[in-house]
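In my numbering, the protein residues as written are 238 to 635.
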Amino acid sequence: MPAISIRPGIYWIGVNDRTTDLFEGMWPISQEGVSYNSYLILDEKKVLIDLAHSGSGSALLQQLYDLIDPTELDYVVLNHLEPDHTGAIRLLRNLAPNAEFLMSAKAVPMLEAFYGITERVRAVADGEELRLGAKTLQFLAAPFVHWPETMVTYEKESKVLFSCDAFGGYGALRGAVFDGDCADMPFYERESLRYYVNIVARFSGPVLKAIDKLSSIPINTIAPSHGLIWREDPDRILSLYEQWARLATEPAPAGVTLLYGSMYGNTEALMNAVAEGVSRTGMPLDIFDVARTHSGYILPSLWTKSGVLVGAPTYEVSLFPPMAQTLHMAEHKRIMRRKAGYFGSYGWSKGAFREAQAITAKLDWVWGDPLEVNGGPTRDALREAERFGEAFARSLMD
Ligand code: FEO
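Structure, rendered in structure tokens:
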């Protein structure tokens, strides 16, 4: 996509990545893609804000060359050192010998650690301003949104916030770069939530602090480094991020995430009966086969729903391993204080429920009595499973 003007003298020069299968080497994006949004400001001083993944470096340079010769760059702002925004730095550094690299003090040793770069590097302070001519940049620390060195950059005259990871989302840009031109907002809002829970959720406290800090600043446009630019309704992504961040400590809306795995169909038969019971109550319900669904897609449901049903067989006296893996990921992301229920089939030994409780012990999940069936479920057991699902869903209405 060619460079796009955001405001006079400010350009999006990002690149789409539709070939990386796993973001951060672990989160699936094969179907959705991702964008690395870089921005160019042309004033008396010329500034590039954030870069791209190393594999997208030549595409980024092509975008840049369409507007200026990189030797004309005065500054390169690095809001965040994670390599999805800095991987192209070696390439750029050689082509922009006059540019000074600006970043937070904590980012300076990271730049050396990742790339061995120590020259033409300057740390900027929280609140520091940089006059470019008609425009002025202000650098604002936003630690742990996403790493400790992270900052955001605000252009005061145009009121554009270059927020890097904050307010970003998965999803390559599908022609439209601005929210106001986007015909598929449900896709971007869903992918922003998935990105939030996969990447940022563990730092929800710092996200709320950053939102509070930014609340005193007039913002016309939020220009993140992933996903859409929010120019028509920047408050929309701000309020979504705030709502998601609050779920780290506040109760989630009533709803059920039903996780299941099944070796020979016995736990799956129970799951179908449990789901029937849940759906009888009208409670929102998401169902995931944990052996076939990456946790990157499951975590957003766990994050935004108050109840978790875990249906899994006992496997070698412990929990069916794909379920254990999913619950470990919930533990890693600190999905706290859920109401939980366990059901499953066992053969020669129980053990699954005990392990599910152990994995989630630090999360303060409140478990009800388990529904455990030896071998295949009888008709009576299936009727009991329906009642189990219905009672669990009704308990979330209390
Ligand atoms: Fe998009 Fe934390 O990097």
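Cβ atoms here follow ideal geometry from the backbone N, Cα and C, with glycine treated the same way.
- The region 395-408 and the region 461-470 touch, with no fewer than 3 CB-CB distances between them shorter than 8 angstroms.
- Taking one beta carbon from each stretch, the region 274-289 and the region 363-373 have 3 or more pairs nearer than 8 angstroms; the two touch.
- Relative to the non-hydrogen atoms of the ligand FEO, the Cβ of Trp384 comes within a distance shorter than 7 angstroms of at least one.
- When the Cα atoms are used, Pro307 and Arg327 turn out to be separated by approximately 13 angstroms.
- Taking Arg591 as reference, the option from Ala549, Phe629 and Asn611 with the minimal CA-CA separation is Ala549.
- Under DSSP, Asp416 forms no beta bridge with any residue.
- Here DSSP, grouped into helix, strand and coil, assigns Gly294 to helix.
- Not one heavy atom of the ligand FEO sits closer than 7 angstroms to the Cβ of His531.
- Distances from the CA of Thr486 to each of Arg571, Gly581 and Leu451 were compared; the closest alpha carbon is that of Arg571.
- Taking the Cα of Phe440 as reference, the smallest distance to any Cα among Leu298, Phe580, Pro385 and Glu269 is reached at Pro385.
- Rounded to the nearest whole angstrom, the CA to CA distance from Val444 to Arg620 is 45 angstroms.
- Taken from the Cβ of Asp421, every heavy atom of the ligand FEO lies 7 angstroms or farther away.
- Taking all protein chains shown into account, Val527 has 16 or more neighbouring C-beta atoms within 10 Å of its C-beta and is therefore buried.
- Here the C-alpha atom of Val511 lies approximately 7 angstroms from the C-alpha atom of Glu627.
- Trp384: not part of any beta strand (DSSP E); DSSP gives it neither H nor E.
- For the region 537-604, the full-length alpha helix (DSSP H) segments reaching 4 residues or more read 558-569 and 589-596 along the chain.
- Apart from the 5 residues on each side of it in sequence, Lys343 sits with its Cβ closer than 7 angstroms to the Cβ of Pro385 and Glu386 in its chain, given in chain order.
- Looking at the DSSP output, Val313 sits in a beta bridge with Leu285 and Phe338.
- Measuring C-alpha to C-alpha distances from Pro380 to each of Gly442, Arg631 and Glu609 identifies Gly442 as the nearest.
- The same chain holds no residue with a CB closer than 6 angstroms to that of Pro488 once the five nearest residues on each side in sequence are set aside.
- In this structure, the straight-line span from the alpha carbon of Ala333 to that of Glu309 is close to 7 angstroms.
- Three or more pairs of CB atoms, one per stretch, sit closer than 8 angstroms, so the region 563-580 contacts the region 527-537.
- Counting every other CB atom within 10 Å of its CB across the protein chains shown gives Asp601 a total below 16, marking it as exposed.
- Judged by their CB atoms, Asp254 and Tyr273 are nearer to each other than the 8 angstroms cut-off.
- The residues Ala378, in chain order, have a CB closer than 6 angstroms to that of Asp363 in the same chain once the five nearest residues on each side in sequence are set aside.
- In the same chain as Leu304, and ignoring 5 residues on each side of it, the C-beta atoms closer than 8 angstroms to its own belong to Ala240, Tyr248, Ile250, Leu277 and Leu279, in chain order.
- Of the residues Tyr478, Tyr579, Val434 and Arg574, the one whose Cα lies closest to the Cα of Thr504 is Tyr579.
- Not a single heavy atom of the ligand FEO lies less than 7 angstroms from the C-beta of Asp254.
- 8 angstroms or more divides the Cβ of Val493 from the Cβ of Arg244.
- Remark: the C-beta of Glu513 is outside contact range of the ligand FEO, defined as less than 7 angstroms to any heavy atom.
- Taking Gly613 as the centre and dropping the five residues before and after it, the same chain places the C-beta of Asn503 closer than 6 angstroms to its C-beta, in chain order.
- Non-local C-beta neighbours of Ile596 in its own chain, meaning closer than 7 angstroms and more than five positions away in sequence, comprise Ala561, Leu564, His565 and Glu568, ordered along the chain.
- With respect to the 8 angstroms criterion, Ser295 and Gly324 are not classified as neighbours on the basis of their beta carbons.
- The nearest non-hydrogen atom of the ligand FEO is 7 angstroms or more from the C-beta of His290.
- Annotated as distal: Arg468 and Gly519, with beta-carbon spacing of 8 angstroms or more.
- In this structure, Cys401 keeps its C-beta atom at 8 angstroms or more from the C-beta atom of Asn335.
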